[in-house]
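The structure under discussion appears below in the form of structure tokens.
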Ligand SMILES: NC(=O)c1ccc[n+]([C@@H]2O[C@H](COP(=O)([O-])OP(=O)(O)OC[C@H]3O[C@@H](n4cnc5c(N)ncnc54)[C@H](OP(=O)(O)O)[C@@H]3O)[C@@H](O)[C@H]2O)c1
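Residue numbers (the numbering used here): 1 to 282.
Written as structure tokens, this is what we have:
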């Protein structure tokens with residue numbers, strides 16, 4: 001019974017736009033698309049969807065073995081694949097990626113900022129963990145912003161596109177235990193929102209995709225998420241690619257606007273609700 005309710009909920013609330021194969025090919029053929037976090041989850045799903053479009057994919061992640069495996073698998077379809085191993089926690093990661101692209105004479109048409117680090121931890125459990133803030137902000141904000149900066153000249157020249165994979169939470173009341181993730185995602189969101197018009201005047205398109213819960217490796221450590229309705233990685237990838245094809249400034253689930261209004265109107269009751277909940281757990 002529960003499974004049936006979950007399926008119906010996913011159908012109503014976690015659906016993504018459908019894209020026709022010919023639209024995909026039309027838009028991405030002969031383009032060079034860089035995907036960060038391409039080894040698993042949503043990034044891998046994007047690479048798989050694009051593998052039949054006669055494009056060049058530049059796949060970035062830390063898991064070299066997985067990237068090599070993807071390259072040999074997907075190149076049997078209709079695409080060329082370059083892989084760059086990089087750890088977006090490292091302070092020189094953006095520069096390393098940029099230098100690797102330059103050395104291979106690769107110019108990017110589409111930049112998909114998908115790699116992400118999620119972390120759920122109380123601030124009281126983080127007192128001796130400065131690395132939590134450093135890592136999350138480096139992966140979710142600093143390096144994506146630095147890489148964008150380095151690639152902007154090429155993107156301007158090619159009238160390229162940038163997509164940032166964000167979360168619905170970036171538009172809602174910040175929940176306890178998610179401070180570091182929320183702050184890093186919101187930082188990237190606002191950085192892109194601020195430069196969107198600056199890019200648009202040079203025909204560079206930038207968009208944000210606000211995803212709800214997606215069934216990937218990322219949600220495995222959070223027990224309560226296992227049984228909850230969620231989007232499939234392939235659907236999330238479709239939302240990202242649709243945003244690029246239709247040059248949308250944002251994609252979000254249809255109900256997020258309503259949730260956002262609720263989040264603003266109920267800001268005080270939500271605060272007391274969380275406080276009450278946390279006090280009971282003390
Ligand atoms: N899953 C959700 O519920 C959900 C909801 C909203 C938004 N999102 C966003 O969606 C994006 C993709 O997440 P996902 O669900 O697909 O997670 P995932 O399955 O865990 O994949 C994350 C990807 O990011 C890469 N990555 C992580 N740390 C990295 C680092 N330090 N350097 C380079 N690459 C790194 C991983 O590759 P390696 O481990 O090989 O480096 C992997 O390819 C993230 O930005 C996330 O915030 C996810």
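Note that beta-carbon positions come from the ideal geometry of N, C-alpha and C, so glycine has one too.
- [ ] Run through the region 76 to 128 for me and flag every whole beta strand (DSSP E) of 3 or more residues, listed as ranges in chain order.
- [x] If we require 3 residues or more, the beta strand (DSSP E) runs fully inside the region 76 to 128 come out as 79 to 85 and 110 to 113.
TODO: Find out if the Cβ-Cβ distance for the pair residue 56, residue 27 is shorter than 7 Å.
DONE: Counting from one through the chain shown, the residue named residue 56 turns up at place 56. Counting from one through the chain shown, the residue named residue 27 turns up at place 27. For residue 56 and residue 27, no; Cβs fall outside 7 Å.
TODO: May I ask whether a heavy atom of ligand 1 can be found less than 6 Å away from the beta carbon of residue 41?
DONE: Here residue 41 corresponds to residue number 41 of the chain shown, with the count starting at 1. Flag set: Cβ of residue 41 near ligand 1.
Open item on the list: With a threshold of 8 Å, are at least 3 pairs of Cβ atoms found where one atom belongs to the region 196 to 210 and the other to the region 241 to 260?
Closed with: Yes: the two stretches touch, three or more of their Cβ pairs being nearer than 8 Å.
- [ ] State the DSSP-derived secondary structure class of residue 206, mapped to helix, strand or coil.
- [x] Taking the chain shown and counting its residues from 1, the one referred to as residue 206 is at position 206. Taken through DSSP and simplified to helix, strand or coil, residue 206 comes out as strand.
Open item on the list: Looking at the secondary structure, which residues open and close the beta strand (DSSP E) in which residue 145 lies?
Closed with: As a working note, residue 145 is residue 145 in the chain shown. For residue 145, no beta strand (DSSP E) segment is defined; the enclosing uninterrupted segment is the alpha helix (DSSP H) at 143 to 157.
Open item on the list: Quick test of the definition: if touching needs 3 or more C-beta pairs under 8 Å, does the region 133 to 148 touch the region 64 to 79?
Closed with: Short answer: they don't touch.
TODO: Could you pull out every residue in the same chain whose Cβ sits closer than 6 Å to the Cβ of residue 54, ignoring the five residues on either side in sequence?
DONE: As a working note, residue 54 is residue 54 in the chain shown. Close CB contacts of residue 54 within its chain, under the 6 Å cut and outside five residues either way in sequence, are with 29 and 78 (chain order).
Task: Coil, strand or helix - residue 38 by DSSP - done: Here residue 38 corresponds to residue number 38 of the chain shown, with the count starting at 1. Coil.
Open item on the list: Rounded to the nearest angstrom, what separates residue 196 and residue 281 at their Cα positions?
Closed with: Along the chain shown, read from residue 1 onward, the residue named residue 196 stands at position 196. Along the chain shown, read from residue 1 onward, the residue named residue 281 stands at position 281. Here the alpha carbon of residue 196 sits roughly 43 Å from the alpha carbon of residue 281.
Task: Counted within 10 angstroms of its Cβ, other Cβ atoms place residue 171 as buried (16 or more) or exposed - done: Taking the first residue of the chain shown as 1, we reach residue 171 at position 171. Residue 171 is classed as buried because its beta carbon has at least 16 other beta carbons within 10 Å across all chains shown.
Open item on the list: Would the region 55 to 72 count as touching the region 80 to 97 if we require 3 or more Cβ pairs under 8 Å?
Closed with: Yes: the two stretches touch, three or more of their Cβ pairs being nearer than 8 Å.
Task: Whole-angstrom distance between residue 269 and residue 116, CA atom to CA atom - done: Against the chain shown, residue 116 aligns to sequence position 116. Against the chain shown, residue 269 aligns to sequence position 269. One Cα belongs to residue 116, the other to residue 269, and the distance between them is close to 31 Å.
TODO: Check whether the Cβ atoms of residue 215 and residue 194 lie closer than 7 Å to each other.
DONE: Position 215 of the chain shown, counting from 1, holds the residue named residue 215. Position 194 of the chain shown, counting from 1, holds the residue named residue 194. No.
Open item on the list: At a cut-off of 6 Å, would you count residue 134 as near ligand 1, judging by its Cβ distance to the nearest heavy atom?
Closed with: Residue mapping note: residue 134 aligns to position 134 of the chain shown, counting from 1. Result no, Cβ not under 6 Å from ligand 1.
Open item on the list: Alpha carbons only, please: which of 184, 222, 137 and 164 is nearest the one belonging to residue 110?
Closed with: Residue numbering aside, residue 110 sits at position 110 when the chain shown is read from its first letter. Between residue 110 and the set 184, 222, 137 and 164, the nearest pair of CA atoms involves 164.
Task: Simplified DSSP assignment, three categories, for residue 62 - done: If you number the chain shown from 1, residue 62 lands on position 62. For residue 62, the three-state secondary structure derived from DSSP is coil.
Open item on the list: If you follow the beta strand (DSSP E) that residue 166 is in, where does it begin and where does it stop?
Closed with: Taking the chain shown and counting its residues from 1, the one referred to as residue 166 is at position 166. For residue 166, the enclosing beta strand (DSSP E) starts and ends at 161 to 167.
- [ ] Take residue 176 and list the residues in its own chain whose beta-carbon comes closer than 8 Å to its own, dropping the five residues that flank it on each side.
- [x] As a first step, residue 176 must be located in the chain shown, where it is residue number 176. If we look at residue 176 and ignore the five residues flanking it on each side, its Cβ neighbours are 122, 274 and 278.
Open item on the list: Below 8 Å, how does it come out for the region 9 to 27 and the region 232 to 252: are there three or more Cβ pairs, yes or no?
Closed with: Contact annotation: the region 9 to 27 touches the region 232 to 252, with at least three C-beta pairs closer than 8 Å.
Task: Backbone secondary structure at residue 228 - three-state DSSP - done: Indexing the chain shown from 1 puts residue 228 at position 228. Coil.
Task: Cβ neighbour criterion (16 or more within 10 Å) applied to residue 105 - done: For the purposes of this step, residue 105 is taken as residue 105 along the chain shown, with counting starting at 1. It counts as exposed.
Open item on the list: Looking at residue 96: is its Cβ nearer than 7 Å to the Cβ of residue 86?
Closed with: Translated into positions along the chain shown, residue 96 becomes position 96. Translated into positions along the chain shown, residue 86 becomes position 86. Their beta carbons are under 7 Å apart, which means residue 96 touches residue 86 by this criterion.
TODO: State the DSSP-derived secondary structure class of residue 191, mapped to helix, strand or coil.
DONE: In the chain shown, the residue the question calls residue 191 occupies position 191. Helix.
TODO: Using 10 angstroms around the beta-carbon of residue 167, count the other beta-carbons present and answer buried if the total reaches 16, otherwise exposed.
DONE: Taking the first residue of the chain shown as position 1, residue 167 is located at position 167. Counting Cβ neighbours within 10 Å, residue 167 comes out buried, since at least 16 surround it.
- [ ] Determine, using beta carbons only, whether residue 89 and residue 139 come nearer to each other than 7 Å.
- [x] Position 89 of the chain shown holds residue 89. Position 139 of the chain shown holds residue 139. With contacts defined by Cβ atoms closer than 7 Å, residue 89 and residue 139 form a contacting pair.
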